[in-house]
């Protein structure tokens, strides 16, 4: 069964607006990671947040983690057309495996 | 090389044929993963190699799927007697493994397999 579930499945916004995507998971984790995928090909790692962290920033990205609710959010501020992509969360448990959700398709309209 | 590379980038084959997909991980990465991604879906774990340990094959969907890795270098994923439901993008990723801490994975561009 899928560990991470992103919400919403699709999001369409205007350039300059903020985009928020959510991820929920079921079991305890070591860390949670967000990846971006353009055009259905290779994924690019965006940011990693450890289970003992609550918030992390990287450029225009802000990730939060609430382990009590087993959820995370990814905020992209001041979005650009180039941010159009699918975004996946992936959780890592006590072993090496990453379990990916089905992703959120973000469309940023110019 | 600078990143993970995969070949071929696209493969069209006829039902029943065997295919072999190749992955070259980042030099020094001890961990290597194969995933399958069907159209519009998330990533489905197939197999994991870590150094010289026995691979974790728990994600392979059937005995038609197999994978090998030579040491900490190239890996090949073989699909025998391909079926139409095997059509997907096959993604390879590598990471520093357990010693790498965060376990960020670096992905190749994928091989798009189409079974006619």
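Residue numbers (my numbering), protein chains in the order written: chain A, 17 to 126; chain B, 1260 to 1375. Every residue gets a Cβ at the ideal spot worked out from N, C-alpha and C, and that includes glycine.
I'd like the list of long-range same chain contacts for residue i, defined as Cβ closer than 6 Å, with 5 residues on each side in sequence excluded.
i: residue 1302 of chain B; result: 1294, 1296
i: residue 1371 of chain B; result: 1269, 1348
i: residue 114 of chain A; result: 106, 108
i: residue 1359 of chain B; result: In this predicted model, residue 1359 of chain B has a pLDDT of only 47, less than 50, meaning its place in the structure is not dependable; the value taken from the coordinates is given anyway. Same-chain partners within the cutoff: there are none.
i: residue 26 of chain A; result: 121
Using a Cβ-Cβ cutoff of less than 7 Å, which residues in the same chain neighbour residue i once the five nearest sequence positions on both sides are dropped?
i: residue 1345 of chain B; result: 1338, 1372, 1374
i: residue 126 of chain A; result: 31, 97
i: residue 1267 of chain B; result: 1370
i: residue 92 of chain A; result: 34, 35, 76, 77, 99
i: residue 110 of chain A; result: 46
i: residue 1325 of chain B; result: 1337
i: residue 1354 of chain B; result: 1288, 1290, 1362, 1363, 1364, 1365
Would you report the Cα separation of residue i and residue j, rounded to the nearest angstrom?
i: residue 41 of chain A; j: residue 24 of chain A; result: 14 Å
i: residue 54 of chain A; j: residue 1330 of chain B; result: 31 Å
i: residue 1316 of chain B; j: residue 1335 of chain B; result: 14 Å
i: residue 1276 of chain B; j: residue 1323 of chain B; result: 11 Å
i: residue 104 of chain A; j: residue 1366 of chain B; result: 13 Å
i: residue 18 of chain A; j: residue 39 of chain A; result: Unreliable placement is indicated for residue 18 of chain A, whose pLDDT of 44 sits below 50; the coordinate value is still reported in the next sentence. So the alpha carbons of these two residues sit roughly 11 Å apart.
i: residue 73 of chain A; j: residue 1274 of chain B; result: 47 Å
i: residue 1292 of chain B; j: residue 124 of chain A; result: 31 Å
i: residue 1362 of chain B; j: residue 61 of chain A; result: 11 Å
i: residue 29 of chain A; j: residue 102 of chain A; result: 14 Å
Who pairs with residue i in a beta bridge, going by DSSP?
i: residue 38 of chain A; result: A/23, A/89
i: residue 1423 of chain B; result: Lying before the first or after the last residue shown, residue 1423 of chain B is absent from chain B, which here runs from 1260 to 1375.
i: residue 61 of chain A; result: A/51
i: residue 31 of chain A; result: BP columns for residue 31 of chain A are empty, so no partner.
i: residue 102 of chain A; result: A/53, A/121
i: residue 45 of chain A; result: Beta-bridge pairing links residue 45 of chain A to no other residue.
i: residue 1306 of chain B; result: B/1293
Any idea if residue i is buried or exposed, counting beta-carbon neighbours within 10 angstroms, 16 or more meaning buried?
i: residue 120 of chain A; result: buried
i: residue 1298 of chain B; result: exposed
i: residue 100 of chain A; result: buried
i: residue 1343 of chain B; result: exposed
i: residue 1320 of chain B; result: exposed
i: residue 1313 of chain B; result: exposed
Using a cut-off of 9 Å between C-beta atoms, extract the partners of residue i located in chain C.
i: residue 1304 of chain B; result: In the structure shown, chain C cannot be found, because the protein chains are A and B.
Go through its chain and collect everything with a Cβ distance to residue i's Cβ below 8 Å, but skip five positions before and after it.
i: residue 82 of chain A; result: 70, 88
i: residue 1272 of chain B; result: 1278, 1341, 1372, 1373, 1374, 1375
For the ligand COA, any of its heavy atoms closer than 8 Å to the Cβ of residue i?
i: residue 1370 of chain B; result: This structure lacks the ligand COA; in fact it carries no ligand of any kind.
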